[in-house]
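Before any comments, here is the structure.
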């Protein structure tokens, strides 16, 4: 999904930053996109990684107009009582806290420029809940709530925040 989003944005004239934990894959995608796209290494669970990514984006492009929070994992499909806390935490850290960190990292620059677009990739599981996917469903529900709350916080600052819930 991320590569398709980045390609579409580039085709529409955006200068794109591909952020990925796997920098080699990120570089491959950026090269395939062309149009000056760059890749940065990003661990969405790490505040330091977000800070470094922001510094690279600011240096390369002078800021960010559009943020797409797309990183996510489904986690292991299993009944709730069979999941470990570590399995729960990994999904929540990547799928929900990662979105929070991305928004928090870049929204201040958007406020300063009085313009921005944030697109958070959620899931129908966040609206409906999927059996044997409790951490994923909870995280994506959280993304929907985060999106609604942040959208209201920045509505008068030229920033739009939306969630997409693929099914």
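In my numbering, the protein residues as written are 60 to 226. Ideal Cβ placement from N, Cα and C applies to all residues, glycine included.
By the criterion of a C-beta distance shorter than 6 Å, residue 149 is surrounded by no residue of its chain, once the five residues flanking it on both sides are discounted. Comparing alpha carbon positions, the residue from 108, 146 and 164 closest to residue 191 is 146. Between the alpha carbons of residue 96 and residue 141 lies a distance of about 43 Å.
Three or more beta-carbon pairs drawn from the segment 112 to 125 and the segment 97 to 104 are found closer than 8 Å, and the two stretches are therefore classed as touching. The beta carbon of residue 89 sits closer than 6 Å to the beta carbons of 77, 96, 97 and 98 from its chain, once the five residues preceding and following it are set aside; these are given in chain order. Bounds of any alpha helix (DSSP H) do not take in residue 216, whose DSSP letter is neither H nor E. Selection 84, 72 and 106 evaluated against residue 94 yields 72 as nearest (Cα-Cα). The residues 168, in chain order, have a CB closer than 6 Å to that of residue 122 in the same chain once the five nearest residues on each side in sequence are set aside. Looking at the backbone, the Cα of residue 136 and that of residue 197 are separated by about 13 Å.
Among the bridge pairs identified by DSSP, residue 79 is matched with 100.
Per DSSP, the beta bridge partners of residue 176 are 125 and 219. When the beta-carbon positions are compared, residue 109 and residue 160 come within less than 8 Å of each other.
Residue burial is scored here from C-beta neighbours: residue 194 has at least 16 other C-beta atoms within 10 angstroms and is therefore classed as buried. The Cβ atoms of residue 215 and residue 153 lie no closer than 8 Å to each other. Annotation for residue 106: the continuous alpha helix (DSSP H) segment containing it runs 106 to 120.
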